[in-house]
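Contents: one structure, followed by commentary.
Residue numbers (our numbering), protein chains in the order written: chain A, 56 to 485; chain B, 44 to 381.
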């Protein structure tokens, strides 16, 4: 908004100079667009980053493990620093007109010191336990602060630590941690809803997909793609229906993450080898059924919300949801043995059409609304599917050359269509 | 914002740290103190700047040392199972493993650990598995790890085991209190090596096994004594911990060894060396009930030389006898030292 205001101020100055408006009118026009109340987000973020850097410095200081510092002094240092930081934040918060950024920054520093304390205590007593647990405990400490304050920054710190915990467990110890998705669903998503925070919702959804993929890969890797597709479909549908809910701003993060994962999964499933894995998912792995049931339930709730939402009447939504429904039908048929023999080809066809359909939707919608980034994204998808098929479908050089000619012609047409849309929009101005 | 909730969350963070530190401090002050010896340094022991990774002899649990309740554990290679390892005195104030069970033993000191496997712990077979007790890292000031590494010794050097002082709580939780160095060090040196084997050709003439030099050195600052008997009967050939097959010694040459015990007083820094020709009948092992040289065994067997003081040995008070058990580095039948 501030960018638009800057633009308006410059325009008004020009209009005054040209005599189109007088000083009083210019002031009245400007008064219609008040500067949004300063939420202090920038300062909060800078304070939080500063606190995180100071905390990392403290961790490294402790990591040096200065031998001349007695054990009692080290313990006093870590307990004292933790108590002092949180105490100072509480003290500042009690003062009238206290800076939210300062309070937030001090509490984030406290949580960083809490993490440093876990490693320091382990260092003092030479503890060599299962070290990913330290990230879990640290994230729980951050989550407790996130709910108590409430604080989006603390919640994001907790999410980062949960992702790190789940990642270390799966890559270092080959262990599936089902607690990670559960922690995000029960510990962070309700907070994002309560605070109506799109940024927290975005990060929480991204981490949820990531840690779910980690956990399910540790049980049965073949189940990852269909499960993520179901979850992403639920997010996409819920995002489409979000404007009719008390949290309309959820639309952006839900649709962005949902669309990204739906398209990512669809692109991978457009390769025959991966599409054929759909029919080989074995539900006997521990906890696997629970994941699919939860994703199915989320999708059912999202569809229920969508049925009552005016978003269905939006242009291109019907096309988008029809494509999604086709993808869902293939995924569910694959999972429940409903794909006919040679169904890999059917899946391949559906997911190619799905990705191409989404690419077309982005290009058309972006051209009509003059959103070049959306058009660019659609063209990128189009190019990706062409390159994918070049690699696995067409072996004849003649066919391959035809693919590239078709791709070039299509992009040329897109550019032409976008230019015409822009010209029409300019001509339509009074 | 309710300051009460924020204060409670901050207090929870403090309490978690206090709980962690309090439990260990309680054991540190009141636990039973034992010394555990670190295993011989093989090249895979890692030093990562500010901490020393410790590998104790009690980390390696052989399948035959498992309690009946854990009989299937090694075969299944299950991870992170809680197990309890009983400890018994092993001389020089040290303790060694005396069996591992699923339930805590009724009496005597024991350690609570978790089973591990995988490349990180050096899994090399099905004959044993690793148990971690949470005391496998010794944090030191940055840069000091290298000093410890040098003192412990590397390939071909004098190896001096660390003897880690550990306080053990009533539930088997262990806390490192400190460490000391063994008064005796050991070096394994290569000597004659057998000719290379060709699987498709008949065994070559002459010795098939290596000749090795073992040196025991007094690494303390006071005199001490070591003892030997007969045909170096204080030294034994033992299979490495991860061996799947253990060959029994074929020779009875050391059965009457107590008559020939000889004690040697070593001044600080002084050493006692022996040359062991593993081709001699004294070192033959049983393979399918037949005595063979280790060089004639199939596969890729690895061994260590174990020094143990003969029971009949005695020494004067001014140079007390070192009464422990010392293991060399691993080596294979072709004389390659690990």
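The beta carbon of each residue, even a glycine, is placed where N, CA and C say it ideally should be.
C-alpha distance - residue i paired with residue j, whole-angstrom precision
| i | j | result |
| --- | --- | --- |
| residue 3 (chain A) | residue 191 (chain B) | Outside the displayed span of chain A (56 to 485) sits residue 3 (chain A), for which this structure offers no information. |
| residue 430 (chain A) | residue 467 (chain A) | 13 Å |
| residue 289 (chain A) | residue 465 (chain A) | 32 Å |
| residue 295 (chain A) | residue 243 (chain A) | 21 Å |
| residue 132 (chain B) | residue 138 (chain B) | 4 Å |
| residue 109 (chain A) | residue 455 (chain A) | 56 Å |
| residue 309 (chain B) | residue 381 (chain B) | 28 Å |
| residue 164 (chain B) | residue 101 (chain A) | A caution first: residue 164 (chain B) carries a pLDDT of 40, below 50, which makes its placement in the model too unreliable to give a value. |
| residue 298 (chain A) | residue 362 (chain A) | 13 Å |
| residue 105 (chain B) | residue 345 (chain B) | 15 Å |
| residue 246 (chain A) | residue 309 (chain A) | 15 Å |
| residue 120 (chain B) | residue 174 (chain B) | Unreliable positioning characterises residue 120 (chain B) in this predicted model, as indicated by a pLDDT of 47, which lies under 50. A coordinate reading is not provided. |
| residue 103 (chain A) | residue 470 (chain A) | 43 Å |
| residue 90 (chain B) | residue 97 (chain B) | Unreliable positioning characterises residue 90 (chain B) in this predicted model, as indicated by a pLDDT of 36, which lies under 50. The coordinate reading is nonetheless provided below. Cα-Cα distance, rounded: 9 Å. |
| residue 373 (chain A) | residue 483 (chain A) | 27 Å |
| residue 52 (chain B) | residue 208 (chain A) | 15 Å |
| residue 157 (chain A) | residue 144 (chain A) | 8 Å |
| residue 313 (chain B) | residue 341 (chain B) | 39 Å |
| residue 292 (chain A) | residue 357 (chain A) | 6 Å |
| residue 270 (chain A) | residue 85 (chain A) | 53 Å |
| residue 338 (chain A) | residue 247 (chain B) | 58 Å |
| residue 87 (chain A) | residue 80 (chain A) | 11 Å |
| residue 63 (chain B) | residue 213 (chain A) | 20 Å |
Chain A residues whose Cβ lies nearer than 8 Å to that of residue i
| i | result |
| --- | --- |
| residue 46 (chain B) | 145, 148, 149 |
| residue 60 (chain B) | 133, 134, 137, 169, 172, 173, 176 |
| residue 343 (chain B) | Those do not exist, as residue 343 (chain B) stays about 27 Å from chain A at its closest Cβ, beyond 8 Å. |
Where residue i meets chain B, residues with beta-carbon distance less than 7 Å
| i | result |
| --- | --- |
| residue 130 (chain A) | 64 |
| residue 80 (chain A) | Correct list: empty, because the minimum Cβ distance to chain B is about 44 Å. |
| residue 199 (chain A) | 52, 55 |
| residue 340 (chain A) | Going along chain B, no residue has its Cβ under 7 Å from residue 340 (chain A), so there is no contact; the nearest lies around 17 Å. |
| residue 443 (chain A) | Simply none; closest approach about 35 Å. |
| residue 152 (chain A) | The premise fails here: residue 152 (chain A) is roughly 14 Å from chain B at the closest Cβ pair, so nothing lies under 7 Å. |
Beta carbon proximity, residue i to chain B, threshold 8 Å
| i | result |
| --- | --- |
| residue 183 (chain A) | yes |
| residue 176 (chain A) | yes |
| residue 474 (chain A) | no |
| residue 107 (chain A) | no |
| residue 203 (chain A) | yes |
| residue 141 (chain A) | yes |
| residue 165 (chain A) | yes |
| residue 234 (chain A) | no |
| residue 294 (chain A) | no |
| residue 273 (chain A) | no |
| residue 478 (chain A) | no |
| residue 110 (chain A) | no |
| residue 242 (chain A) | no |
| residue 463 (chain A) | no |
8 Å Cβ cutoff, residue i in contact with chain A
| i | result |
| --- | --- |
| residue 191 (chain B) | no |
| residue 179 (chain B) | yes |
| residue 52 (chain B) | yes |
| residue 80 (chain B) | no |
| residue 165 (chain B) | With a pLDDT of 39 at residue 165 (chain B), under the threshold of 50, the modelled position of this residue cannot be trusted, and the question is left open. |
| residue 380 (chain B) | no |
| residue 101 (chain B) | no |
| residue 49 (chain B) | yes |
| residue 172 (chain B) | no |
| residue 182 (chain B) | yes |
Chain A contact residues for residue i, given Cβ-Cβ distances below 7 Å
| i | result |
| --- | --- |
| residue 153 (chain B) | Neighbours of residue 153 (chain B) on chain A: none; closest Cβ ~18 Å, over 7 Å. |
| residue 364 (chain B) | Simply none; closest approach about 32 Å. |
| residue 348 (chain B) | None at all; the shortest Cβ gap to chain A is about 30 Å. |
Where residue i meets chain B, residues with beta-carbon distance less than 9 Å
| i | result |
| --- | --- |
| residue 160 (chain A) | Per Cβ cutoff of 9 Å: no residues; residue 160 (chain A) is ~14 Å from chain B at best. |
| residue 222 (chain A) | Near residue 222 (chain A) there are no residues of chain B at all, since even the closest Cβ is about 16 Å away, more than 9 Å. |
Where residue i meets chain B, residues with beta-carbon distance less than 8 Å
| i | result |
| --- | --- |
| residue 192 (chain A) | 59 |
| residue 74 (chain A) | Chain B residues near residue 74 (chain A): none, gap ~52 Å exceeds 8 Å. |
Counterpart residues of residue i in DSSP-defined beta bridges
| i | result |
| --- | --- |
| residue 380 (chain B) | B:374 |
| residue 94 (chain B) | B:182 |
| residue 364 (chain A) | In the DSSP output, where bridge partners are listed per residue, residue 364 (chain A) has none listed. |
| residue 78 (chain A) | The partner list for residue 78 (chain A) (beta bridge, DSSP) is empty, contrary to what the question assumes. |
Beta-carbon neighbours of residue i, restricted to chain A and to distances below 9 Å
| i | result |
| --- | --- |
| residue 218 (chain B) | 180, 181, 182 |
Sequence ranges, alpha helix (DSSP H) only - wholly within the stretch 182-269 of chain B, length at least 4: Fully contained in the stretch 182-269 of chain B are the following alpha helix (DSSP H) runs of length 4 or more, in chain order: 187-195.
Any beta strand (DSSP E) of 3 or more consecutive residues that is wholly inside the stretch 279-363 of chain B: Here the runs fully enclosed are 305-309, 314-320, 328-330, 333-335, 345-351.
Any alpha helix (DSSP H) of 4 or more consecutive residues that is wholly inside the stretch 401-454 of chain A: Entirely contained in the stretch 401-454 of chain A, the alpha helix (DSSP H) runs reaching 4 residues are, in chain order, 427-447.
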